[in-house]
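Taking it in order: structure first as structure tokens, then the write-up.
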Amino acid sequence: MPTERKIRVLVAKPGLDGHDRGAKVIARALRDAGMEVIYTGLRQTPEMIVNSSLQEDVDVIGLSILSGAHNVIVPRVTDLLKQHKMEDVILLVGGIIPEQDFAALKAAGVAGIFNPGTPMDQIVEFIRKNVKPRGVPVA
1 MPTERKIRVL VAKPGLDGHD RGAKVIARAL RDAGMEVIYT GLRQTPEMIV NSSLQEDVDV
61 IGLSILSGAH NVIVPRVTDL LKQHKMEDVI LLVGGIIPEQ DFAALKAAGV AGIFNPGTPM
121 DQIVEFIRKN VKPRGVPVA
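So this is what it looks like as structure tokens:
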């Protein structure tokens with residue numbers, strides 16, 4: 001009997017932000033929920049994030065951004081995902097994201113935005129609900 005493949009999540013800290021406690025808390029919560037988590041560490045470029053995601057064959061990319069650079073970083077990541085034909089990878093953003101930026105980020109391809117204080121089980125449930133099984137065409 002074949003076993004179901006675990007959801008693979010890459011957690012990344014793009015830009016010059018040096019605070020990664022929240023990213024580590026999220027990574028541990030996702031791991032404890034049974035997901036495979038790859039944490040790339042601090043100061044990742046969009047290119048590094050997408051290349052790691054491609055190499056690791058992830059289902060989800062979670063960007064933790066506290067620096068305010070989300071309006072520059074997210075469009076670059078989504079452009080690179082399109083270039084690599086990785087539109088099936090779910091992009092999530094967490095951190096200090098002003099509500100007035102939500103619509104533009106979602107239009108750029110972000111599936112979910114989670115500010116500080118979001119319950120971990122809400123993030124886990126969002127991922128489980130939105131990751132499509134492999135081999136199923138994206139609608």
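Under the working numbering, the residue at position 107 of the sequence shown is numbered 107, and the numbers go up by one with no gaps. Even for Gly, the Cβ is constructed at its ideal location relative to N, Cα and C.
Query                                                                                                  : Result
Cβ neighbours of Val136 in the same chain (closer than 6 Å, five flanking residues each side left out) : Residue placement at Val136 cannot be trusted, given a pLDDT of 47 that sits under 50; the coordinates are not used to answer.
Span separating the alpha-carbon of Val25 from that of Met86                                           : 26 Å
Distance CB(Asn130)-CB(Leu105) smaller than 9 Å                                                        : no
C-beta atoms of Val58 and Arg8 nearer than 9 Å                                                         : yes
Bridge partners - Val58, DSSP secondary structure assignment                                           : BP columns for Val58 are empty, so no partner.
Any 3 or more C-beta pairs closer than 8 Å across the segment 10-25 and the segment 39-47              : yes
Assigned secondary structure, Gly22 (DSSP; H/G/I helix, E/B strand, else coil)                         : helix
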